[in-house]
Structures are given as structure tokens and as C-alpha cells.
Amino acid sequence: MENLPDELVQLIDRFKEHLEQYKGVSYDEANTRTDFIDPLFELLGWDVANTAGYAEQYREVIREDKVSIEGGTKAPDYCFRIGGVRKFFVEAKKPSVDLRNDPSPAYQLRRYAYSAKLPLSILTDFQEFAVYDTRIKPGPNDSASVARIQYFTFEDYPGKWAFLTGTFSREAILHGAFDKYVEDTRSKRGTSEVDKEFLNLIDQWREKLARNIALRNRDLPLHQLNFAVQKTIDRIVFLRIAEDRGIDIYGTLHSLLNGTNQYTRLLQLFTQADARYNGGLFNFAEDTLTPGLTVDDNIIKDIVRSVYYPQSPYEFSVLDVAILGNIYEQFLGKTIRLTTEHRVKVEEKPEVKKAGGVYYTPRDIVEYIVDHTVGEALKETTPTKVEQLHILDPACGSGSFLLGAYDKLLSWHLDWYTQDVHLAKALKDHCIIEPRAGDYRLTIDEKRRILTNNIYGVDIDDQAVEIAKLSLTLRLLEGETSETAELFTRGGRQRLLPKLESNIKCGNSLIGPDFYSDKPESLFVDDDTRYRINAFDWKGPNGFKQVFDTHGGFDVVLGNPPYIRIQTLKEFNPLEVEYYKGKYKAASKGNYDLYAVFVEQGLNLLNEHGRLGYILPHKFFNAQYGEPLRKLIADGSHLRSIVHFGDQQVFGNATTYTCLLFLDAQPHESFHIAKVTDLAAWRRDRSATEGDLPAITATSAAWNFTVGDGAALFEKLNKMPVKLGDVTLRIFQGIKTSADAVYILEEREQGSTDVRIYSRATGQEHSLETELLHPLVKGGNSKPYALTRGKLLILFPYSRSTGTMALINDKELQSRFPLTWEYLLANKPYLEQREGGRMRGPKWYGYIYPKALDVMHLPKLFTPDIAPRASFSLDEIGDIFFTGGVAGGYGLLAAPPYSPKFLLGLLNSRLLDWMLKRIATSMRGGYYSFESRFIRDLPIRPIDFTNPADKVVHDEMVRVVDQMLTLHHQLAASGTDREKSGLQLQIAALDRAIDSLVFRLYGLRVAENEVLQQTK
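Below, the structure written as C-alpha cells:
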């Protein structure tokens, strides 16, 4: 209470003193806003009156004039923003309105905020103050209390002031308190954000339209069916948004609900729209298909009803085009298929299914990439020079990056024109207009010019191309009204929208016309394959010939290229895979990913001063397949900067490990790297560990860039010449059976010569001979110095023959191991069909990948494939087997005279664990990869066994590790908490002793030890 502002106390006292007057019908909403609501939010730090004089796009608070429409009004009273990004709406009412019980104001607010995808918004008349969770879909029959998470009156303001300042103040939003409150109040049930709900709606439209069009137009080919459905949906969405934005007359589409012949009348509306808008969306000179279709009236009526009050919860005037793009990106992940009976099926595209879904780039990532590519190109330039700027997304999808680039250009031009020195000329040249005093806006002419001059995109999916065009044209019309549109089109001078066919094109960004000339077999592909390949000639007349002829390429290439493993691509088009391998260096090694090819092609498409910015997986930093791309980047010194997200998940639910990669055509002497360990903090204030590194640091070798406090220690260790691979005879992956359900068994009962097991393959118990069964561990069974056995066994039908492991022949199996032979025969059909029948033949019961069989029985070190920390253990006898893959691990054989126990101590030490975490791939949940390609490069301080001092350290490590192994055995056998606690204390002491030995061996200074203590 003592921190309560005097101004707030005065507002409360004044309202209380004249309460009856304010609640009278003559005291209106405008006065309520001016007298009470504006001052309230000014006390929360908001510049409501724009006293700073910011241009429209930078104002913190947008105050709207209301326009009445059916079921409510057209715009929220206040929009509160940070950096031009909406954070919450406030809907104001006069005090005579009963906000606690009247459902209409709440529904109105919730429609706005839900459609704008805002998590929280406020309804207030100063007398009452209500906060709503606007992630919950509004319904016209909801009571006022639905989704309301806070309600109080003006007399409660003193007690609620800490909540208001801690959540809705400008300062609270800047410091992340608002976002934290958003997460803390997330409802466990009932929340379904606007993008998911609207996606469900247009999915339903697609299915209804597809089924009806296929039924009434039986001869329609599949690609024409997809085209007709998509085009109809796009046109309806565009017109409905135009209505709510006030560019078209509200209710135009709604009029179709009356009378009959709905589809014919809808086509008439489309024809009228073509006369008004142009832009290609309604062009029936090119689309001769849809006017000739038959569509039932009830289908059109259902669709139209679903976008109007009261059935629709959407307020399209506030539905952001970027959100619409997100919706469409998901929408494009499915396609229509016709069965042999001509029935419609809507299903995920195969490549999308393989990839685990569609991942839309978050807006803040788009903005960051745009700022660091387009933003850099816009520094110290003029509109005349910007006119020559060419920006490309070579895999544009629904156009999110193109929208971001377009927004940046619009904002830059408005800033330029409204500078005092340029203002008069900009107004005279009709680059900007001033609809209200001090409120300047770009003209439609200028926005059209910027769009057609600067923005370019390509996508292999023709539907994505159409949606990118739709998104860009909707952005162009943002802020326009029926009056400005009428002024522009008066007298039929021109139509509102430009044609974007020369800017946004359909084609395969990676395959050129040489696809057909270089490979004779390519000339004979069928129509479906040719349609899918969709070769694109960048420098030809149907590409971007002028850009290359006059500018040598693009100034900016940006985007989120597709992440498709080459194994997946091979399933759909092996010809394409071979083409990439022959044409691109990035595709020349291993099982590459398509994004790597897009990086190389992006560099090819830049002019000599061009810039590239992508979000993509950072796997190529360390993967074998990434070596050619790393070399390509290093040889040209193209690397400008990297934002490395480590295990932080940019794409939300999708587990994808990404980075932002910025390359320039011009060489750099150094590059900048930022390592992000807290994504929320980076999003809030760009918190990261960062620094500059010399260009020579980036080579064709694995990229393990370290900056910050640990950089010097990392370099010291990294330069050590001897690696783990040099002091081991072999590092090998576990067994891969390709039929784990058959070979990996659960032990039920041990007999004298056989074991009773349970098989997942048969769902039954069986008795098998003990001799062919071995204990099996998974990665989770291994902890530092401790390897615990569970109930798993592996059936191993091999025996040593002439020094190697060989499959036991069928006759010997039948005679010596009849129980096992009977079990294998029961699974023969399943085993034979592995990998398309590859195992048919005499060796049908063997493993499909018989690797490491000859060393599995030897004493060995073991590490899980992934773990949160170094978890090396020791199989001293050699009786434990393990599998490969994420749930399995790797074995290591120490090279004499090194003791495996010496290596075990080093590998579990804090020093080498720290090092591993800087060279290995990090994963969600704090896990790291301990794959062979990472652990083999761990630095090992070599022992000179002829040097007594060195040998003493080696033997001391072996002695301490021996003690550690004994303690872990005792811990596993201990029965009481007291025993466990005592043993754990001893183990911790030995851990410290081992670390001390390692520090001494590696010559660590005190300062370097402190770095280990302070960094993960």
C-alpha cells in the first residue's frame, strides 16, 4: 500500500465520490477512457497518448475508433504493443455496463484477442476489471465468467496493484513477467488456439468441397480437384478478411445464404472481385476450370455460415497474416487423394509424415533472420538503391520469411519518408499520405512498388506458391479502407493488387534444366515424376533472368529450407537423389540432408555482395555428411555469424536441433558465434555466450566452436595430439539385429541347461538353450563405473570359427540346440521378410548387420549412446552384450599397455565430461551424444611407460578406479539407507580424487579448474 501512486489513489477517490454520476447513462465510454482508463494504464508505464511522437508502426498503444458490425464492434479499443508486436488488448466500456454478468462485452473482447492469437486480454470500465484467458475458443452462448481468470472492482485496486504492475505494466512485459503469468495461468483444458481451430475449419471445408466436387464432376483429374478446392478456399478467405478490414462491404458473402444457385452466385462475387483486386487470385482468364464445376448449394452455405457471427468466433480484421500463414503451412501438409472407387481421402503427404509434421518458423526467428540480412542491406542506403534490392526465399512455403522481409521494407521506407528532410517530397510524390495529423502511411502505389521490386520466392508446391501470394497481397492491403481502395481504383485506372507471377514462382529450387540433358534416363520419366521434379531454370525466361543479367544474383537469400534425409527422398524419387549427388558438393558424402544442398544453392544464387540467412539443423557441424559443406563455407570464408541453439527447441513440440546460419558471398576474416542455453532468455533479451573467432577456425573438420570463459581451456585440450581413438584398439557399436522382438528376450526362469524366456515376437514363453543366450544391457543400465544387469537376454546364434564369429549352420542348430531351432522356425516368416525379403536364403536366422560380433565377448568399456553426463562402465569378464542405436551404446577396447581402468577414470572425469559436452551434439532434456564420432576425439594425455613418474600416475589411477568399482558393487548390494549413504560419501570422495589426478595429469591451472566449476 505504501508504494501506491498518489495518482491512483486520486483516481479511485474521484470515481468513488461521483460513482452514481459515472454509472448514469449520460456518462459515455469516450469519457470513461479519457478520465480513467487512459490514466490507469499511463500509471502502468504505457505511453497511451503517444507523447513521444512515434510513427504509427512504433506506437506502444493503438487506440481504435469503433465501427458497429453484426454481433459487436470492429476493433478493440486499445492494443498494447512492444516493438510493434501485440501483447494484449483492452476493451473499454462505460460504467453503466454490467461487466460481471453481461456476456456480450466478454464475448466481443474474446473474439478479438482469440483471433489475434493473444493469450490474455482485459475488459474494463474502471469500476470493474476483468482478465480473460483468450486462448480459450469463445462461444456465443458463453456466460461472462467463461475464461475469466481475474475479476475485481476499483476498490480492490490498492490490493491488486502489485499484480497489475507485475503483469500488465510495460516494465513487466519487457522483463518477461507477463509471459511467465501467461504460462502459469495456462488452462489444462479448453484451450485451443486460433491457428489450430481455424486449421480444423478449413480442413473441414477441404473435405466437404473435395467430396462434393468429386461426386458432381466425375471426370475431374486429381491435380485439378486439388487446384479447384484450394482456389475456392483461398478466394473465400480473402474476401472474408477484406470485409472485416472494411475494404469490402460487410456481409457480401453472407448474402449467399439467401436463395439458391449458391456456387453460381459465388462465382459472380469472384468475378466482381477480379475487377476490383486483380492480383491473379480471381483471374478466370487463366482459371477456366472452376467456373465449369458443379457444387451443391448446401456445401457453399455451410462454409459461408461458418465465417459469420454467431457461428464464427473469428474477427478477421485482427487475424494476422503471419498467423494465417502458419495455418496454411499446416494445411499444405495434407493432400487430397482419390481411391480406385473415386472416393476422396484427405491424408498427410508422405514426405510430411516421414518428417513428423510441418514446422512453421516462429515469428521472432523470422524477424531475427530478416534483421540480420535485409536489415544489414538497408543500412546507409536510399530508396533509389533499395529499389534494386532483390530478396529471395528459395523454399518460401506460405511466405513467412517473405512477409517478414516485406514488413521490414515497408517500415524502412516509412521511416525514410517521414524524416523532416524527406517529408515534403514524399507527400508530393504520393509515396505517403497523411490521413490524420501526424499519422503517415505508405500509399497503395508505394506498397505495390516495393512488393514487386524487392520480394521473390520459389516453392516446389504450387499450392504453397498461391498461398504465399495471398499472404503478401493481404499484407499489402493491411491498413487500407474502402475509401483508400476507392481512391486508388477510381475510374478503372487500375486494380488494387499487383500480379505476382513474376515474383513468386513454382519450381524445384535445386533441379535445373540440366536434369534432362545430363541423364538420358531422365528424358523418359512419366508425367507424374516430371510434375513432382518440377525443374526450374533460375536464369531462363521463366525464372529470374533479369535479376541475374542485371545484378548477378540476389542480394539476400533467406528462409527455412526443408529438412529431408536422403533415405526418405530415395523412397519417392531416386533420380533426384542421384542428380544432387552429381551436381552439389554438399550432397557428395554420406547420408546427407536436403537442407545442406539448399545452403550450397543459396550461396550460388547470391550476387557478389549478397547475404544468406537460414534456420536449419546444426547436425552438419559434426556429421560426416557435413564435411563437404563445411569445406565449401570454409574455403570461401563465407561464415559471418551463427546463433547455436544447442538442445533448445525453437519449434516447440518438434524435437529439432537448430541454429541460425549467416553467410556472405564476400569473405570474412572472422565470424561471430552466440551459444544459447536458455531460449526464453535469448528471446527476451538476446542472452547468450558469445564472441568472435578467426575465420581459420572454421575448416572442413568438425565445427566445435567455443566462446566465453571456457574457450582457452577448450583450445588447450583440443590441440592435444593424442585422442581416445589413438589409445583404443577399437570403438564399436552394439549389435543390430533388425528383429529385436525375436532376438531380445526377457528372462523368466533359469534352468540347468536352458532358460525360460518371454518373446515379444510370439507373445509367448519358450525354453531355449542357455549356451546361445547372453545378458543384454541397454544404455540406461550404465552409470559411471556401474553396469547393472536386468532381465534381458539376447539370442546369439553364432560361434567362433577360425578366429571370427560365424553363423551356426542349420544342421548344428537342429542337433545341438533343438529348442532354439524350433523357436527360430516359428519366427521364420518374419525373419525372412526383413528389409524387403533380403534375408531369404540359408542365413535367414542371422542378424542382418553382423557387425562387432567378434569383439562382443571380450572385456570392454561401455558407454550409452546418449546420456546426461559421462557414464562409462566396465565389463571385466566380457559376458555382457549390448545393442546399437539410441537405446544402446558403444564398446571400447583399450590398447595395451593402457589399462582399461586408467581410461575409465579419464573418461568419467569432470574434465573429459566437460570436453565431450563441447564437441558432441546436445539433445533435449540435457542429454548428449556419446557416439563414436565424438568420443574418439576426446583428448588423452599419453603415458610414457618408460617414465617412472608417468607410470606412477597411470597405476595410481588404476588403483583408485579399482576401489571405485568395488564401492559401486557394494552399493548395488547394500540393503539399508545408512549403508547406501556411507558408500555414496566414499564414492564422492573417490570422484574428487580421480578429478585431482586428471587435473594433475593434464596440467590444469587453478584458473582452469575454476572454469570447470563455473561452466556446465
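Add 5 to the 1-based position in the sequence shown for our numbering, that's all there is to it.
For every residue, glycine included, the Cβ atom is placed at its ideal position computed from N, Cα and C.
Quick check: the Cα distance between residue i and residue j, rounded to an integer number of angstroms?
i: Gly846; j: Val357; result: 36 Å
i: Ile509; j: Leu908; result: 58 Å
i: Glu176; j: Leu49; result: 8 Å
i: Ile465; j: Glu471; result: 11 Å
i: Phe159; j: Phe94; result: 19 Å
i: Ile945; j: Pro726; result: 8 Å
i: Tyr83; j: Ser126; result: 10 Å
i: Tyr255; j: Ala707; result: 59 Å
i: Arg441; j: Ser646; result: 43 Å
i: Glu613; j: Asp697; result: 24 Å
i: Asn505; j: Lys550; result: It should be pointed out that residue 505 corresponds to Leu in this sequence rather than to Asn. Approximately 16 Å, taken between the alpha carbons.
i: Val375; j: Gln26; result: 53 Å
i: Leu1002; j: Gly657; result: 43 Å
i: Ala746; j: Leu169; result: 58 Å
i: Gly89; j: Leu258; result: 32 Å
i: Lys21; j: Ile438; result: 45 Å
Who are the near neighbours of residue i in its chain, counting only those whose CB is closer than 8 Å to its CB and skipping five residues on each side?
i: Val30; result: Ser101
i: Lys590; result: Glu605, Pro633, Leu634, Lys636, Leu637
i: Gln572; result: Asn596
i: Ala899; result: Val732, Thr733, Leu734, Leu866, Pro905, Phe907, Leu908
i: Pro355; result: Glu576, Phe577
i: Leu204; result: Ile332, Gln335, Phe336
i: Glu674; result: Ser642, Pro699, Ala700
i: Lys98; result: Glu34, Thr37, Leu104, Pro110, Leu128, Thr129, Asp130
i: Lys985; result: Leu976, Ser979
i: Asn539; result: Ile465, Cys511, Gly512, Asn513, Ile516
i: Asp43; result: Val53, Ala54
i: Leu610; result: Leu397, Pro399, Trp543, Gly558, Phe559, Val562
Excluding the five sequence neighbours on either side, which residues of its own chain have a C-beta within less than 6 Å of the C-beta of residue i, listed in chain order?
i: Met969; result: Tyr790, Leu995
i: Ile304; result: Lys213, Asn217
i: Ser73; result: At Ser73 the pLDDT is 45, less than 50, meaning the model places this residue with poor confidence and gives no usable figure here.
i: Phe625; result: Ala601, Gly631, Leu634
i: Leu419; result: Leu447
Determine the burial state of residue i: buried for a count of at least 16 other Cβ atoms within 10 Å of its Cβ, exposed for fewer.
i: Asp450; result: exposed
i: His643; result: buried
i: Ile87; result: exposed
i: Leu1022; result: An answer regarding residue 1022 cannot be provided, because it is not within the stretch 6 to 1021 covered by the chain.
i: Ser878; result: buried
i: Thr981; result: exposed
i: Leu990; result: exposed
Please return the same chain residues whose Cβ sits closer than 7 Å to the Cβ of residue i, not counting the five positions on each side in sequence.
i: Arg689; result: Gly181
i: Phe289; result: Thr276, Asp279, Pro296
i: Ser876; result: Ser787, Lys788, Pro789, Thr868, Pro869
i: Lys165; result: Phe157
With a threshold of 8 Å between beta carbons, is residue i in contact with chain D?
i: Gln335; result: Included in the structure is just one protein chain, with no chain D present.
Please determine whether the Cβ atom of residue i lies at a distance below 7 Å from any heavy atom of the ligand NAP.
i: Gly402; result: Here there are no bound small molecules, and the ligand NAP is not part of this structure.
Quiz item: Is the region 583 to 596 touching the region 402 to 413, taking contact as three or more C-beta pairs under 8 Å?
Solution: no
Practice problem: Scan the region 566 to 624 and note each continuous beta strand (DSSP E) run of 3 residues or more that stays entirely inside, going in chain order. | Solution: Segments of the beta strand (DSSP E) lying fully in the region 566 to 624: 611 to 622.
Quiz item: Contact between the region 378 to 387 and the region 410 to 424: three or more CB pairs below 8 Å?
Solution: Result yes; three or more Cβ-Cβ pairs closer than 8 Å.
Exercise. Evaluate the contact criterion for the region 336 to 347 versus the region 114 to 134: three or more CB pairs, one atom per stretch, below 8 Å.
Key: Segments in contact, no.
Quiz prompt | Three CB pairs or more closer than 8 Å across the region 610 to 618 and the region 924 to 933 | solution = no
Quiz item: Between the region 40 to 47 and the region 11 to 18, are three or more C-beta pairs nearer than 8 Å?
Solution: yes
Practice problem: For the region 922 to 995, list the beta strand (DSSP E) runs that are entirely contained and at least 3 residues long, ordered along the chain. | Solution: 932 to 934
Quiz prompt | Whole runs of the alpha helix (DSSP H) within the region 694 to 762, excluding any shorter than 4 residues | solution = 716 to 723, 745 to 748
Quiz item: What alpha helix (DSSP H) runs, 4 residues minimum, are completely inside the region 479 to 523?
Solution: Fully enclosed alpha helix (DSSP H) runs of 4 or longer: 487 to 494, 519 to 523.
Quiz item: Below 8 Å, can you find three or more Cβ-Cβ pairs linking the region 316 to 331 to the region 100 to 119?
Solution: The answer is yes - the region 100 to 119 touches the region 316 to 331, with three or more Cβ pairs under 8 Å.
Quiz item: Looking at C-beta atoms only, is the number of pairs between the region 478 to 493 and the region 512 to 522 that lie closer than 8 Å three or more?
Solution: no
Quiz prompt | At least three beta-carbon pairs within less than 8 Å, the region 792 to 808 to the region 885 to 899 | solution = yes
Quiz item: For the 8 Å Cβ check, are there 3 or more pairs between the region 473 to 485 and the region 238 to 258?
Solution: Segment contact: the region 473 to 485 against the region 238 to 258, three or more CB-CB distances shorter than 8 Å; contact assigned.
Exercise. Please go through the region 269 to 336 and give each complete beta strand (DSSP E) segment of 3 or more residues, from N-terminal end onward.
Key: none
Self-check item: Length-filtered (3 minimum) beta strand (DSSP E) runs lying within the region 114 to 163
Solution: 125 to 129, 133 to 138, 153 to 158
Quiz prompt | the region 382 to 395 contacting the region 678 to 688, beta-carbon criterion three pairs below 8 Å | solution = no
Quiz item: In chain order, which alpha helix (DSSP H) runs of at least 4 residues are fully inside the region 185 to 249?
Solution: The DSSP assignment places complete alpha helix (DSSP H) segments of no fewer than 4 residues inside the region 185 to 249 at 199 to 221, 227 to 249, in order along the chain.
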